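If you read the sequences in order, they're chains A and B. Numbering-wise, our numbering puts 73 at position 73 of the first sequence, and it's gapless, one number per residue. Numbering-wise, our numbering puts 11 at position 11 of the second sequence, and it's gapless, one number per residue. Glycine is no exception: its CB is placed at the ideal position from the N, C-alpha and C atoms. Values in this document were obtained by computation on a predicted structure and should not be read as measured data. Reviewing the structure listed below.
Protein chains: 2
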Amino acid sequence: MGLLAMQKLGVGRSKNHEMRIFSEMGIGHPQGCMQDGIMIATGATFDKGMIEKLYYGKIAAIFWYPGMKGAVRIYLRNEFQDKLATHEFFSYRKKGIEPTEIPEEITNDVLNIILTASEEELFDVTMLLNFEYTPVKGSFAKAKCEVCDEYMFERYLRIKEGKRVCISCANYVSTEKSISFDKHQKVKACYTLE
Amino acid sequence: MGLLAMQKLGVGRSKNHEMRIFSEMGIGHPQGCMQDGIMIATGATFDKGMIEKLYYGKIAAIFWYPGMKGAVRIYLRNEFQDKLATHEFFSYRKKGIEPTEIPEEITNDVLNIILTASEEELFDVTMLLNFEYTPVKGSFAKAKCEVCDEYMFERYLRIKEGKRVCISCANYVSTEKSISFDKHQKVKACYTLE
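Printed below as a string of structure tokens:
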């Protein structure tokens with residue numbers, strides 16, 4: 001999918017901070033590992049801030065490149081999803097058996113089906129002509145927390161009772177996530193992200 | 001950092017879905033690429049759903065492993081952050097010069113400083129004794145959108161005017177993100193994530 005996207009956009013692998021990817025995948029479902037392949041193929045890695053999830057739960061991704069009008073959306077075709085779902089590999093996975101515990105010949109067989117499928121069989125490709133995106137401007141500016149003395153990047157500095165503090169020390173519980181974290185206290189995390 | 005975490009937890013690389021990592025990094029700041037290294041070292045990749053960002057803007061990460069009580073937190077020491085910040089490599093980066101455009105000998109020099117530093121010089125390691133985490137239970141269940149006919153994983157199915165729809169077709173704008181996406185309309189995305 002990553003290779004096809006680069007071909008459709010007429011670009012090469014991102015050595016620096018070029019391509020941006022919006023994966024339509026989410027959490028609590030399989031096949032997210034496809035995104036590892038997309039990162040390796042395109043060089044647009046999670047940790048360079050170049051790929052993120054939209055949490056739509058779809059096996060699809062949008063590929064944007066600076067200076068180009070619009071973006072490319074690539075979706076794994078229903079027919080191919082149906083074909084893949086019947087494979088014995090997924091019978092094992094649905095039983096909760098981990099990938100490395102599945103007999104190798106079964107894994108190799110499903111990989112072979114994917115690797116030999118044509119692009120037409122695999123993907124629906126759409127050009128999103130009106131897609132616009134402005135990357136966040138990065139900053140090197142840092143600040144020090146007056147409570148725990150650790151550094152943080154300035155955008156995450158908070159004020160609490162007049163003190164300049166980090167988010168952990170501010171102890172402000174975010175309503176968007178149901179995880180609260182304090183370095184010295186018990187942490188429980190259950191995900192209701194969408 | 002990843003290698004040290006595995007050592008402290010007494011575990012090996014995650015071939016399946018073992019280790020979970022909570023990176024304290026965020027967006028709009030540098031040094032996020034450290035997380036690529038953490039993923040490679042530990043096998044806990046973003047796309048297997050095994051690492052996520054807490055958006056605290058700190059150069060730190062929390063490492064949790066199933067069956068173990070608590071977690072390990074590793075923070076890049078202030079003194080080392082200060083030492084690194086003075087390196088010529090970052091003068092270039094602060095001017096907006098991309099990594100591959102920086103003279104190789106400068107890049108190699110800063111890499112060498114990091115690679116030859118001892119663990120004690122690099123990291124503050126804390127055991128979080130009361131850290132608890134319950135991974136999201138995954139499901140293979142799928143549903144089809146009655147409007148666009150695409151598959152999505154069931155947890156992301158929505159109802160709109162009685163129809164079973166995907167998030168894109170539901171057109172519900174999430175208040176937590178300032179990005180709204182519809183396959184056929186103009187999309188503008190400016191990030192205020194924290």
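Contact list for the stretch 65-89 of chain B against chain A, Cβ threshold 9 Å: Within the stretch 65-89 of chain B, the qualifying residues are A71, R73, Y75, L76, N78, Q81, D82, A85.
Own chain residues within Cβ distance below 7 Å of P66 of chain B, not counting five before or after: Within the second sequence, the letter at position 66 stands for residue 66 of chain B. E18, listed in sequence order.
Against chain B: residues of the stretch 8-21 of chain A by CB proximity under 8 Å: K15, N16, H17
Anticipated Cβ contact below 8 Å, M1 of chain B with I38 of chain B, distance rounded: Within the second sequence, residue 1 of chain B is the residue found at index 1, counting from 1. Within the second sequence, residue 38 of chain B is the residue found at index 38, counting from 1. Yes, they are in contact, since the Cβ atoms of M1 of chain B and I38 of chain B sit about 6 Å apart, within 8 Å.
Nearest neighbour of R13 of chain B, chosen from B:A44, B:S23, B:M50 [CA to CA]: For the purposes of this step, residue 13 of chain B is taken as residue 13 along the second sequence, with counting starting at 1. Checking every option, the nearest Cα to that of R13 of chain B belongs to B:A44.
Burial state of A141 of chain A (16 or more Cβ within 10 Å): Counted from its first residue, the first sequence places residue 141 of chain A at position 141. A141 of chain A comes out exposed.
Beta bridge counterpart(s) of T126 of chain B as assigned by DSSP: Looking up residue 126 of chain B in the second sequence gives position 126. DSSP, once it has assigned bridges, lists B:R73 as partnering T126 of chain B.
Neighbour-count burial assignment, Y75 of chain A, 16 or more Cβ in a 10 Å radius: Position 75 of the first sequence, counted from the start, is the residue given in the question as residue 75 of chain A. Classification of Y75 of chain A: buried, given that the 10 Å Cβ count is 16 or more.
DSSP three-state assignment for R155 of chain B, whether helix, strand or coil: Sequence index remark: in the second sequence, residue 155 of chain B carries index 155 (1-based). It is helical.
First through last residue of the beta strand (DSSP E) which encompasses E18 of chain A: For this step, residue 18 of chain A is matched to residue 18 along the first sequence. Element bounds for E18 of chain A: n/a, residue is neither H nor E.
Positions along the stretch 148-161 of chain A whose CB lies within less than 9 Å of some CB in chain B: D149, E150, Y151, M152, F153, E154, R155, Y156, L157
Residue-level contact to chain B via CB, N139 of chain A, 8 Å cutoff: Working through the first sequence from its first residue, we reach residue 139 of chain A at position 139. Going by the sequence as given, residue 139 of chain A is Ser instead of Asn. Closer than 8 Å to some Cβ of chain B, the Cβ of S139 of chain A qualifies, so yes.
Residues near K163 of chain B in its chain [Cβ-Cβ closer than 8 Å; skip 5 each side]: Stepping through the second sequence from its first residue, residue 163 of chain B is reached at position 163. The answer, listed in chain order, is E146, V147.
Under 8 Å between C-beta atoms of D47 of chain B and G57 of chain A: Numbered from its first residue, the second sequence carries residue 47 of chain B at position 47. Numbered from its first residue, the first sequence carries residue 57 of chain A at position 57. Taking 8 Å as the cut-off, the beta carbon of D47 of chain B is found no closer than this to the beta carbon of G57 of chain A.
Straight-line Cα distance separating G138 of chain B from N16 of chain A: For this step, residue 16 of chain A is matched to residue 16 along the first sequence. For this step, residue 138 of chain B is matched to residue 138 along the second sequence. Computed Cα separation, rounded: 34 Å.
Proximity to D82 of chain B [Cα-Cα], best of A:R77, A:A143, A:Y133, A:L9: Counted from its first residue, the second sequence places residue 82 of chain B at position 82. Answer by Cα proximity: A:A143.
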